[in-house]
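Engineer: Just passing along the structure, written as structure tokens.
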Amino acid sequence: MTGSLLAPSRPAEFDLVIFDCDGVLIDSEIISLSMLIAELAGLGVVVDLDYVSRNFLGRSYPTVMQTIREQFGLDLPADFEDRYRTRLLAAFENDLKVMPGIREPLDGLALPRCVATSSSPKRVEMSLRLTGLDDLVGPRLFTASMVANGKPAPDLFLYAAAQCGADPERCLVIEDSLTGIRAGLAAGMTVWRFTGGSHMAGRQLTQPADATPHRVVDDFEQFLTLHPDFGGRA
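Each position in the sequence shown, counted from 1, maps to that position plus 42 in my numbering.
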């Protein structure tokens, strides 16, 4: 576990923990990003893992389309999204894994928790089912389809907090992407960055001024001990 980046004089008090899904609960981003790189290469757009992580990680598909249009002058074919999603879900069936150590925090956390993700409802429901997390997550599952503006806008996190009856200032967000970190900070929440996913391995991770988390966590093994509100021994 890595220590606090912006350590307050005393720990914030939390009423709700909001988990991102892809790259936090499930080790899915290396699959989806690698497949997107391959699909774009077939259209003559050559990008690498650093590029797609920086520009697409944590963002919705319409944002990906807009970025490709602006930066490469390419309108993706009308069937690109359907083909990509179909192949991705098939890859998930074979290769998707739960994030190591996440079951204990989800099962043992003393605070209310929910999931707020940019993934489509179909994708996240399938992902949670395949990894056996659907029962642990339960009905508190919020997707970008429920709000007007996806991450990095704060809408999704604010919506999740409102639905759970929590003050944004007393919410903790667990995110992996810079996009998600920006959204959590814009919502006025405490944000911890999780860096233990396969898509982070061996990469030099940046912490831009506008996406600097309050803490970096690189695995979930001792997560419940990191804060007195979690119910473990902090």
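The C-beta atom is built at its ideal place from N, Cα and C for all residues, glycine as well. For clarity, every value in this text was computed on a predicted model and none was experimentally measured.
Going by other Cβ atoms of all chains shown within 10 Å of its Cβ, with 16 needed for buried, is E34 buried or exposed?
Structural biologist: Examination of residue 34 is not possible in this model, given that the chain is present from 43 through 276 alone.
Engineer: So does the region 115-132 actually touch the region 140-149, counting three or more Cβ pairs closer than 8 Å?
Structural biologist: no
Engineer: Specify, as a first and last residue, the run of the alpha helix (DSSP H) that T128 falls within.
Structural biologist: 122-137
Engineer: As a quick exercise: from E135, F184, T232, pick the residue whose alpha carbon is nearest that of P163.
Structural biologist: Per the Cα distances, F184.
Engineer: Quick one: using the 10 Å Cβ neighbour count with 16 as the cut-off for buried, is G239 buried or exposed?
Structural biologist: buried
Engineer: Assuming F236 and V215 form a contact by the criterion Cβ under 8 Å, report the distance between their Cβ atoms to the nearest whole angstrom.
Structural biologist: That belief does not hold up - the Cβ atoms of F236 and V215 are roughly 10 Å apart, past 8 Å.
Engineer: Locate the beta strand (DSSP E) running through P158, then write down its first and last residues.
Structural biologist: Here the sequence assigns Ala to residue 158, which means Pro is not the residue at that position. That run of the beta strand (DSSP E) goes 155-159.
Engineer: Suppose the cutoff is 6 Å on Cβ atoms and the five residues either side in sequence are ignored; what does the same chain contact list for G192 look like?
Structural biologist: So the list reads S102, S160, A186, once near-sequence residues are dropped.
Engineer: Since E211 is in the alpha helix (DSSP H), which residue starts that stretch and which ends it?
Structural biologist: Run containing E211: none; DSSP gives neither H nor E here.
Engineer: Are the CB atoms of E263 and G174 nearer to each other than 8 Å?
Structural biologist: no
Engineer: Determine the DSSP secondary structure at E217, reduced to helix, strand or coil.
Structural biologist: strand
Engineer: Could you name the residues that DSSP lists as bridge partners for T232?
Structural biologist: L214
Engineer: Going along the chain, which residues of its own chain have a beta-carbon closer than 7 Å to the beta-carbon of V189, five neighbours each way excluded?
Structural biologist: D197, L198, Y201
Engineer: Hey, would you say the C-beta of G150 is under 7 Å away from at least one heavy atom of the ligand COA?
Structural biologist: The ligand content of the structure shown is nil, which means the ligand COA is not present either.
Engineer: Among the residues of its own chain, which have a CB less than 7 Å from the CB of I223, if the five just before and after it don't count?
Structural biologist: E217, V233, R235, A253, P255
Engineer: I believe V87 touches I73 by the beta-carbon criterion, under 8 Å. Please report the beta-carbon distance rounded to the nearest angstrom.
Structural biologist: In fact, because the Cβ distance is near 19 Å, the residues do not count as touching under 8 Å.
Engineer: In whole angstroms, what separates the C-alpha of L266 from that of V59?
Structural biologist: Cα atoms of L266 and V59: separation of roughly 12 Å, rounded to the nearest angstrom.
Engineer: Per DSSP, which one or two residues make a beta bridge with I60?
Structural biologist: C156, V215
Engineer: Taking the straight line between their C-alpha atoms, what separation do you get for T105 and P270?
Structural biologist: Taking the straight line from one Cα to the other gives about 38 Å.
Engineer: Please confirm whether A195 and A158 have their CB atoms less than 8 Å apart.
Structural biologist: no
Engineer: When the Cα atoms are used, what is the spatial distance from L170 to T221?
Structural biologist: Their backbone Cα atoms lie some 22 Å apart in a straight line.
Engineer: Out of curiosity, what's the CA-to-CA distance linking E135 and L172?
Structural biologist: 7 Å
Engineer: Name the two residues that bound the continuous alpha helix (DSSP H) containing T185.
Structural biologist: First-last for T185: 183-185, but that is the beta strand (DSSP E), not the alpha helix (DSSP H).
Engineer: For the alpha helix (DSSP H) that R101 lies in, which residues bound it at each end?
Structural biologist: Looking at the DSSP string, R101 is not in any alpha helix (DSSP H), and its letter there is neither H nor E.
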